[in-house]
């Protein structure tokens, strides 16, 4: 994970860490088979039925526009659409660049396979062409997730785990991976799930996260692909124990981020907006929905994640 310079201070210096520096234990030996791991997830996390509809021309969520302009992309090259999954009263607004590696169907399918309570911690899913060498995806602390190619399910679970790390356990420091609760359990293991998980605490949490979900949803658990599961047991068991039903399939959504403001793709003036058609109403309306609030200490953080395999 690459982090903006300001974020490094927040993550590594802004919390009282049980262990200094980054996770220093070697990756699992032998490493688990990524192909079997991904297949196990896909075989047991099924697509959620959905419908979708498109925004009128000229409108875009502000955060999608910001992502576009900050990476030299034109907001006018994005298609904006709402995806309505059967297990949530509120749809998600997706933003796809015309040259994105992920198709609309890729986005709808892979996102909808994740447990709904994990999905709930993503605000907008954005698909772009490749923007960073070797990167697969990046996630912002505001809940936005960007995929630079058609993502594997394990990558999507990894990215969602970043948002869970930041937001799902508000009674603990944010990110939770900076807490004594996480790092003291890491200390009891002999290994880190993957070499990539040794990058920093956020990546260790996210890599343990996808293992924790696999262990819950695939028959035989993580041991079905890793006989040496005990090397990282305390990490994925801690992820499971603290997050509970959040990482399990089933149920309906009860938390969502407020969507970012709807703005014109070109310019941002009232006169420009008046020349467009009806402005899409992108507010969260369900009465039983808890709105996830940004914690000031993590505002502006972003993780840029390399391919997980």
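Residue numbers (mature numbering (1 follows the signal peptide of the UniProt record, and there is no 0)): -20 to -1, 1 to 289.
Note that the Cβ used here is the ideal one computed from N, Cα and C, for glycine as well.
Inspect the beta-carbon positions of residue i and residue j and report whether they are closer than 8 Å.
{"i": "residue 205", "j": "residue 23", "result": "no"}
{"i": "residue 93", "j": "residue 26", "result": "yes"}
{"i": "residue 133", "j": "residue 18", "result": "yes"}
{"i": "residue 108", "j": "residue 143", "result": "no"}
{"i": "residue 173", "j": "residue 212", "result": "yes"}
{"i": "residue 261", "j": "residue 214", "result": "no"}
{"i": "residue 52", "j": "residue 62", "result": "no"}
{"i": "residue 20", "j": "residue 194", "result": "yes"}
{"i": "residue 75", "j": "residue 40", "result": "yes"}
{"i": "residue 196", "j": "residue 163", "result": "no"}
With respect to the alpha helix (DSSP H) encompassing residue i, which residues constitute its N-terminal and C-terminal limits?
{"i": "residue 194", "result": "181 to 197"}
{"i": "residue 48", "result": "42 to 50"}
{"i": "residue 26", "result": "No alpha helix (DSSP H) holds residue 26; DSSP gives it neither H nor E."}
{"i": "residue 217", "result": "213 to 223"}
{"i": "residue 96", "result": "96 to 99"}
{"i": "residue 143", "result": "133 to 147"}
Would residue i be called buried (16 or more neighbouring beta carbons within 10 Å of its own) or exposed?
{"i": "residue 258", "result": "exposed"}
{"i": "residue 16", "result": "exposed"}
{"i": "residue 124", "result": "buried"}
{"i": "residue 192", "result": "buried"}
{"i": "residue 49", "result": "exposed"}
{"i": "residue 375", "result": "This structure cannot settle anything about residue 375, because the visible part of the chain is limited to -20 through 289."}
{"i": "residue 31", "result": "exposed"}
{"i": "residue 227", "result": "buried"}
Assuming the contact rule is C-beta atoms closer than 8 Å, residue i and residue j should be a hit. Round their C-beta distance to whole Å, please.
{"i": "residue 286", "j": "residue 116", "result": "6 Å"}
{"i": "residue 198", "j": "residue 42", "result": "Going by Cβ atoms, the distance from residue 198 to residue 42 rounds to 39 Å, so no, they are not a contact pair."}
{"i": "residue 66", "j": "residue 29", "result": "5 Å"}
How is the beta strand (DSSP E) around residue i delimited, first residue to last?
{"i": "residue 33", "result": "30 to 34"}
Quiz prompt | Stretch pair the stretch 136 to 154 + the stretch 49 to 60: three plus CB contacts closer than 8 Å | solution = When Cβ pairs closer than 8 Å are counted between the two stretches, the stretch 136 to 154 is seen not to touch the stretch 49 to 60, the count staying below three.
Quiz prompt | Cβ contact check for the stretch 149 to 160 and the stretch 178 to 189: 3 or more pairs under 8 Å | solution = The answer is yes - the stretch 178 to 189 touches the stretch 149 to 160, with three or more Cβ pairs under 8 Å.
Quiz item: So, do the stretch 275 to 287 and the stretch 74 to 88 have three or more beta carbon pairs nearer to each other than 8 Å?
Solution: Result no; under three Cβ-Cβ pairs closer than 8 Å.
Exercise. Would you check if there are 3 or more beta carbon pairs closer than 8 Å linking the stretch 258 to 269 to the stretch 221 to 240?
Key: Here the stretch 258 to 269 makes contact with the stretch 221 to 240; the two share three or more CB pairs at distances below 8 Å.
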